[in-house]
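Report on the structure given below.
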Amino acid sequence: MGQTLTEKILDDHLVEGELTPGEEIGIEIDQVLTQDTTGTLVWLQFEALGLEEVQTELAAQYCDHQTYQFDFKNTDDHRFLRSAAGTFGAHFSRPGNGICHNVHKENFAAPGKTMLGSDSHTPTPGGLGELAIGSGGLDVAVAMGGGAYYIDMPEVVNVRLEGELPEWATAKDVILELLRRLSVKGGVGKVLEYTGPGVESLTVPERTTITNMGTELGATTSIFPTDENTEDYLSRLGRDEEYVELQPDDDAEYADEIVVDLSDLEPLIAQPSMPDNVVPVEEVEGVDVEQVMIGSCTNGAYEDILPSAKMLEGRNVDKKTEMIVAPGSKQASEMLAREGWTAEMMAAGVNFSEATCGACIGIGHVPASDSVSLRTFNRNFEGRSGIEDDSVYLCSPEVATAAALKGEIVDPRNLADELGDLDAPGIELPDEYIGNSESDLIAPDEAVDDELIKGPNIGDVPLKDPLGPDIEGEALLKMEDNITTDHIIPATADILKFRSNIDKLSDFTLSRVDDTFAQRAKDNDGGVLVAGENYGQGSSREHAALCPMYLGIDAVLAQSFARIHKANLFNFGIVPLEIDADTYEQIEQGDDIEIVTDVADAIQSGETEFTIRVNDDWEASATLDASDRERRFLASGGKLTHTKQQYEDD
Ligand code: F3S
Numbered sequence: 001m002g003q004t005l006t007e008k009i010l011d012d013h014l015v016e017g018e019l020t021p022g023e024e025i026g027i028e029i030d031q032v033l034t035q036d037t038t039g040t041l042v043w044l045q046f047e048a049l050g051l052e053e054v055q056t057e058l059a060a061q062y063c064d065h066q067t068y069q070f071d072f073k074n075t076d077d078h079r080f081l082r083s084a085a086g087t088f089g090a091h092f093s094r095p096g097n098g099i100c101h102n103v104h105k106e107n108f109a110a111p112g113k114t115m116l117g118s119d120s121h122t123p124t125p126g127g128l129g130e131l132a133i134g135s136g137g138l139d140v141a142v143a144m145g146g147g148a149y150y151i152d153m154p155e156v157v158n159v160r161l162e163g164e165l166p167e168w169a170t171a172k173d174v175i176l177e178l179l180r181r182l183s184v185k186g187g188v189g190k191v192l193e194y195t196g197p198g199v200e201s202l203t204v205p206e207r208t209t210i211t212n213m214g215t216e217l218g219a220t221t222s223i224f225p226t227d228e229n230t231e232d233y234l235s236r237l238g239r240d241e242e243y244v245e246l247q248p249d250d251d252a253e254y255a256d257e258i259v260v261d262l263s264d265l266e267p268l269i270a271q272p273s274m275p276d277n278v279v280p281v282e283e284v285e286g287v288d289v290e291q292v293m294i295g296s297c298t299n300g301a302y303e304d305i306l307p308s309a310k311m312l313e314g315r316n317v318d319k320k321t322e323m324i325v326a327p328g329s330k331q332a333s334e335m336l337a338r339e340g341w342t343a344e345m346m347a348a349g350v351n352f353s354e355a356t357c358g359a360c361i362g363i364g365h366v367p368a369s370d371s372v373s374l375r376t377f378n379r380n381f382e383g384r385s386g387i388e389d390d391s392v393y394l395c396s397p398e399v400a401t402a403a404a405l406k407g408e409i410v411d412p413r414n415l416a417d418e419l420g421d422l423d424a425p426g427i428e429l430p431d432e433y434i435g436n437s438e439s440d441l442i443a444p445d446e447a448v449d450d451e452l453i454k455g456p457n458i459g460d461v462p463l464k465d466p467l468g469p470d471i472e473g474e475a476l477l478k479m480e481d482n483i484t485t486d487h488i489i490p491a492t493a494d495i496l497k498f499r500s501n502i503d504k505l506s507d508f509t510l511s512r513v514d515d516t517f518a519q520r521a522k523d524n525d526g527g528v529l530v531a532g533e534n535y536g537q538g539s540s541r542e543h544a545a546l547c548p549m550y551l552g553i554d555a556v557l558a559q560s561f562a563r564i565h566k567a568n569l570f571n572f573g574i575v576p577l578e579i580d581a582d583t584y585e586q587i588e589q590g591d592d593i594e595i596v597t598d599v600a601d602a603i604q605s606g607e608t609e610f611t612i613r614v615n616d617d618w619e620a621s622a623t624l625d626a627s628d629r630e631r632r633f634l635a636s637g638g639k640l641t642h643t644k645q646q647y648e649d650d
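Start counting the sequence shown at 1; every next residue gets the next number (UniProt numbering).
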């Protein structure tokens with residue numbers, strides 16, 4: 001039987017296990033990526049493990065999420081990251097040089113390589129045939145030290161593209177269509193592998209918009225085959241020697257097939273406040289728009305901003321709407337400036353931000369209260385923009401720009417009819433990408449530091465004690481479905497500045513759900529969390545497991561877990577137990593929960609069914625779905641303690 005492209009790349013990198021869906025496999029990692037919000041912990045853990053030098057082919061540390069320097073804490077973190085990259089042998093991308101996925105795509109992503117990144121949108125370079133997976137920072141630290149990355153072999157699903165996109169429909173509409181059909185849980189446990197005749201009609205930047213937002217489907221990763229377009233893109237970047245042809249075998253077998261006829265697509269929009277709340281733009285026309293933002297790792301590339309610039313040329317942004325462009329990389333900014341497009345957009349009323357994630361996580365450009373913001377980003381979870389009562393829609397740069405011109409949501413096809421001279425801009429690649437990476441991307445052999453520089457806000461990584469025989473405690477918080485890592489540890493500037501200071505950061509744990517939680521957890525000496533479906537969806541932020549661990553949370557009882565967060569729970573020694581809907585309904589916040597009996601022993605001996613006793617009154621069962629390795633982590637108090645112990649024993 002032939003192999004899918006995913007299987008071929010995994011096979012080439014396999015160090016343990018077999019490629020059977022659901023079975024745990026270990027793979028060798030070629031490249032790693034980390035960013036500033038997760039990176040400080042990655043390097044602190046790298047140091048705590050006693051590791052001395054990066055062992056992967058390439059490692060890159062980006063500073064993109066929080067580039068504004070409100071006080072010394074953030075600047076200290078950036079200086080620490082530069083010193084860690086220099087000391088241990090990683091590339092360092094300076095604050096303002098751009099978003100990790102954009103800069104990585106432009107400089108390092110290569111077909112056939114494996115990559116692990118401590119950011120949930122790590123799959124972005126799947127658009128040029130790299131198998132890239134998002135994970136917790138500890139997994140990245142271990143991979144950088146030369147260790148394998150372990151994951152349950154996902155199912156490989158064929159997303160067959162047919163036809164070609166009509167005018168005004170874009171790559172963003174392809175992924176919004178998939179979100180509309182499959183929901184934010186539709187890709188869990190799956191790799192989405194794109195095939196079919198429609199693939200060749202999409203440029204690499206369009207493909208990376210799709211693979212980037214595969215994360216919103218919950219997919220492990222998404223990948224495209226490589227072809228002339230991939231070779232062409234790499235050659236425009238001056239990296240043509242990195243091209244490798246990669247295709248699935250003709251007789252490859254997939255777990256499932258989804259067909260998308262590109263020619264049927266129309267401009268789509270995700271309504272507040274979930275990326276899968278998707279409808280045709282026409283259905284929500286007429287809604288007043290106060291803010292339009294173009295940018296993010298999804299649609300912040302040169303190829304995303306250029307269509308907007310063309311639409312704005314000789315026109316003006318509506319007077320009641322504010323339009324901001326935050327380019328995904330400084331390279332994109334520089335090219336647009338050199339070609340005169342920046343001036344053209346400024347003349348139309350656009351403000352430019354530095355190349356940063358910023359507004360995507362509520363840092364800067366927070367919308368006005370009770371107002372509508374249209375963004376080309378990938379997430380619109382409630383409150384993520386920096387204000388609780390936000391109303392964020394997600395769409396393509398074309399739809400966002402049409403709204404900026406009209407001051408209200410409008411299907412760009414209808415706006416074109418109304419204006420009479422507005423052409424669909426289409427997608428255009430530059431002949432050659434120019435850029436300034438020479439000064440803003442510091443290679444390991446140009447490092448400016450050779451020892452770690454820690455400011456006063458940078459603490460050590462806390463360790464958890466090995467699991468005892470009992471887990472007993474109060475159900476401190478009962479939560480609904482789809483609790484995100486933004487709910488658990490918000491990434492806004494006032495909170496994020498404590499990312500290297502766990503003692504302080506943990507005070508904000510779940511504060512967006514219940515602001516008494518952290519204090520109650522401290523007063524109770526820990527306890528148990530209860531949640532509905534898809535607990536921990538969203539980012540790869542390991543603080544969302546580390547802070548609850550620090551507050552003494554021993555177990556989370558949920559109907560289901562998001563993949564990366566579940567791995568982070570294992571990594572930090574918190575037991576993730578699945579419960580059914582009836583049990584979820586019956587448990588009340590404040591109930592006494594006891595998991596019986598001799599939990600540590602049962603976990604280590606491979607037990608999958610556990611009994612939970614509630615208020616010493618009634619019982620229900622809960623399931624632990626964990627590999628032998630993950631069970632060893634739980635018993636040891638987490639992966640860091642376990643791996644440290646292993647290194648010390650060797
Ligand atoms: Fe940054 Fe938002 Fe992407 S935080 S990495 S632009 S999802």
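Yeah, the Cβ is synthetic: ideal placement off N, Cα and C, and Gly gets one too. Bear in mind the structure is a predicted one, so any value in this text is a computation, not a measurement.
- Rounded to whole angstroms, the gap between the alpha carbons of F610 and K190 is 27 angstroms.
- In the displayed model, Q35 falls within coil according to three-state DSSP, outside both helix and strand.
- With a cutoff of 7 angstroms, R541 does not count as near ligand 1, since its C-beta is closer than that to no heavy atom of the ligand.
- Within the region 46-119, the complete beta strand (DSSP E) runs of at least 3 residues fall at 58-62, 91-93 and 114-117.
- At least one heavy atom of ligand 1 lies less than 7 angstroms from the C-beta of H101.
- In the three-state reduction of the DSSP assignment, Y194 falls in the strand class, which pools E and B.
- Looking at the DSSP output, Y150 shares a beta bridge with G26.
- In this structure, Q559 is the residue among D389, S296, Q559 and P248 with its C-alpha nearest to the C-alpha of A622.
- For ligand 1, a non-hydrogen atom lies closer than 7 angstroms to the CB of C357.
- For K172, the uninterrupted alpha helix (DSSP H) run begins and ends at A171 to L182, by DSSP.
- The DSSP-derived three-state label of M1 is coil.
- Within 7 angstroms of the C-beta of C395 there is not a single heavy atom belonging to ligand 1.
- Of the candidates R632, A626, Y647 and K478, A626 places its Cα closest to the Cα of E23.
- For the 8 angstroms CB-CB criterion, F80 and K454 form a contact.
- Annotated as proximal: G349 and V317, with beta-carbon spacing under 8 angstroms.
- Residue burial annotation: G147 is buried, with at least 16 other C-beta atoms found within 10 angstroms of its C-beta.
- Counting the other Cβ atoms within 10 Å of the Cβ of S506 gives 16 or more, which makes it buried.
- In the displayed model, G358 falls within a helix according to three-state DSSP.
- Residues E630 and F633 of the same chain have their beta carbon placed closer than 6 angstroms to that of F570, with the five preceding and five following residues left out of the count.
- Residue state for I603 is assigned as helix, using DSSP reduced to three classes.
- Between E354 and T67, the gap from beta carbon to beta carbon is short of 8 angstroms.
- Per the coordinates, the alpha-carbon of A403 lies some 16 angstroms from the alpha-carbon of V279.
- In terms of CA proximity to D276, V392 leads the group A544, V392 and G134.
- Within the DSSP secondary-structure output, Q537 pairs in a beta bridge with T484.
- Remark: the C-beta of R375 is outside contact range of ligand 1, defined as less than 7 angstroms to any heavy atom.
- DSSP places Y254 outside both helix and strand once states are collapsed to three, so it counts as coil.
- Collapsing the DSSP output to three states places V448 in coil.
- Relative to ligand 1, the nearest heavy atom lies less than 7 angstroms away from the CB of H121.
- N158 is bridged by DSSP to E193 and E257.
- Judged by their CB atoms, A59 and A90 are nearer to each other than the 8 angstroms cut-off.
- Distances from the CA of L419 to each of R315, K464, F377 and G383 were compared; the closest alpha carbon is that of R315.
- According to the DSSP assignment, K319 belongs to no beta strand (DSSP E), since it is labelled neither H nor E.
- Nearest C-alpha to H121 among I223, L138, Q55 and T40: I223.
- Approximately 31 angstroms separates the beta-carbon atoms of I9 and T87; this is outside 8 angstroms, ruling out the contact.
- Rounded to the nearest whole angstrom, the CA to CA distance from L415 to E285 is 11 angstroms.
- In terms of Cβ geometry, A400 and L374 form a close pair [threshold 8 angstroms].
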